[in-house]
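Here is the structure we will look at.
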């Protein structure tokens, strides 16, 4: 059994939690009845299950006849369906506080993705397509130097997370930052995907759709900012 | 198996599997995709271990792995001879039989694509 994925997940969770705590200490907490950490982790787990089920079904394995295989996470998680599942779970859990909670989770989620990609160092899985750039390096025993593509992605996610932290201090209309963060996350994956070795994947089209969906969400939030802000005047504390 | 590897003019990917092995079911579609992608340049060989012929054949049919060469190795001598332990396990050999990489456990798409790229770049 290989547990290196768990280390990468742990780095991601620590990065997510660290940014949530950092924001709270700056007095920039979500101001929602739902906790950003709880919602984020629940959404991530829901995404993991959705992605694993999708990977099994797309590979021709029936999860109903082989339920034990669902636990073989190392066997593959479909990135697209995991993302859709996580976003859907986040929306369901946040309900009417979606805009505010998405804004609060934006920087933390981007930092978590940075941690996830940097976790490649635990898995010896940072390398992509061949490259002669000075910082390219080779697999052990090989003389073919390659792009450390997962570290590129991690660096871009760190920049995006930092930008989100700065943007949040400027109090953008509710929901705009969340939408832009979604677009940024998809854009980072879209930009780095050509540097990843793959077996005939259609992921770039999905990432492009993610960029458009994020920008559309941000545009809608901006267009209806007055309406959304009115609805957020009275946070739902569940009482 | 050693003779097959030594005689091969193409790189060879040897995947050790069993129809009873859940992780093997997870990686089988990846191997099918890799074979479709690089099967002209890389030889794919499956070795079914600790298995029975009937379930092994059903596994090959179910996951569309009929394009590979498959060998039936009930006592699991081949992986032991090649220096691997456990199931699944994937060996990557350069043309002529030089072992380039041994991947123990389930292989993911990136690793499989990367190792095949390494074999083809040699």
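Residue numbers (our numbering), protein chains in the order written: chain Z, 62 to 300; chain P, 84 to 205. Where is the CB? At the ideal position from N, CA and C, for every residue including glycine.
Run down chain P in chain order and give the residues with a C-beta less than 8 Å from the C-beta of residue i.
| i | result |
| --- | --- |
| residue 191/Z | 200 and 204 |
| residue 129/Z | 105 |
Measure the alpha-carbon distance for residue i versus residue j and round it to whole angstroms.
| i | j | result |
| --- | --- | --- |
| residue 62/Z | residue 175/P | Residue placement at residue 62/Z is flagged as unreliable, the pLDDT there being 41, under the threshold of 50; the coordinate-derived value follows with that caveat. Roughly 20 Å separates the two Cα atoms. |
| residue 80/Z | residue 205/Z | 37 Å |
| residue 73/Z | residue 275/Z | 22 Å |
| residue 300/Z | residue 94/Z | Model confidence at residue 300/Z stands at a pLDDT of 49, short of 50, so the residue's coordinates are unreliable; what they give is reported in the following sentence. Between residue 300/Z and residue 94/Z, the C-alpha separation is close to 10 Å. |
| residue 223/Z | residue 87/Z | 14 Å |
| residue 102/Z | residue 249/Z | 22 Å |
| residue 112/Z | residue 146/Z | 7 Å |
| residue 193/Z | residue 192/P | 24 Å |
| residue 120/Z | residue 102/P | 16 Å |
| residue 85/Z | residue 243/Z | 21 Å |
| residue 220/Z | residue 213/Z | 11 Å |
| residue 124/Z | residue 114/Z | 7 Å |
| residue 144/Z | residue 245/Z | 14 Å |
| residue 99/Z | residue 201/Z | 40 Å |
| residue 180/Z | residue 164/P | 34 Å |
| residue 197/P | residue 235/Z | 42 Å |
| residue 68/Z | residue 154/P | 36 Å |
| residue 164/Z | residue 157/Z | 13 Å |
| residue 93/P | residue 203/P | 9 Å |
| residue 107/Z | residue 199/Z | 36 Å |
| residue 77/Z | residue 217/Z | 16 Å |
| residue 201/P | residue 258/Z | 11 Å |
| residue 168/Z | residue 279/Z | 15 Å |
Residues of chain P with CB closer than 7 Å to the CB of residue i, please, in chain order.
| i | result |
| --- | --- |
| residue 203/Z | 201 |
| residue 200/Z | 201 |
| residue 136/Z | 106, 109, 110 and 189 |
| residue 122/Z | 108 |
List, in order along the chain, the chain Z residues whose C-beta lies closer than 7 Å to that of residue i?
| i | result |
| --- | --- |
| residue 123/P | Here the premise fails: no neighbours, minimum Cβ distance about 14 Å. |
| residue 117/P | 260 |
| residue 197/P | 188 and 258 |
| residue 120/P | 260 and 261 |
| residue 148/P | The contacting residues do not exist; residue 148/P stays about 11 Å from chain Z at best. |
Starting from the beta carbon of residue i, find every residue of chain A whose beta carbon is closer than 7 Å, and list them in chain order.
| i | result |
| --- | --- |
| residue 186/Z | Of the protein chains in the structure, Z and P, none is chain A. |
For residue i, go through chain Z and note every residue whose CB falls closer than 9 Å to its CB, in chain order.
| i | result |
| --- | --- |
| residue 87/P | Chain Z residues near residue 87/P: none, gap ~23 Å exceeds 9 Å. |
Members of the segment 255–273 of chain Z that neighbour chain P once the beta carbon cut-off is set at 9 Å: From the segment 255–273 of chain Z, only 257, 258, 259, 260, 261 and 262 have a Cβ closer than 9 Å to chain P.
The segment 150–162 of chain Z / the segment 129–136 of chain Z touching (three or more Cβ pairs under 8 Å): Between the segment 150–162 of chain Z and the segment 129–136 of chain Z, the count of C-beta pairs closer than 8 Å stays below three; the two stretches do not touch.
Length at least 3, wholly inside the segment 165–246 of chain Z: the beta strand (DSSP E) runs in chain order: Listed in chain order, there is nothing to give.
Residues of the segment 99–116 of chain Z with Cβ closer than 9 Å to any Cβ of chain P, in chain order: Per Cβ criterion, the list reads 116.
Runs of alpha helix (DSSP H) lying entirely within the segment 80–145 of chain Z, each at least 4 residues, in chain order: Look at the segment 80–145 of chain Z and you find these whole runs of alpha helix (DSSP H), each 4 residues long or longer: 97–119.
Chain P contacts from the segment 131–164 of chain Z (Cβ-Cβ distance under 8 Å): Residues passing the 8 Å Cβ filter: 133, 135, 136 and 137.
Cβ pair count under 8 Å reaching 3, the segment 271–290 of chain Z against the segment 117–130 of chain P: Cβ pair count under 8 Å is below three, so no.
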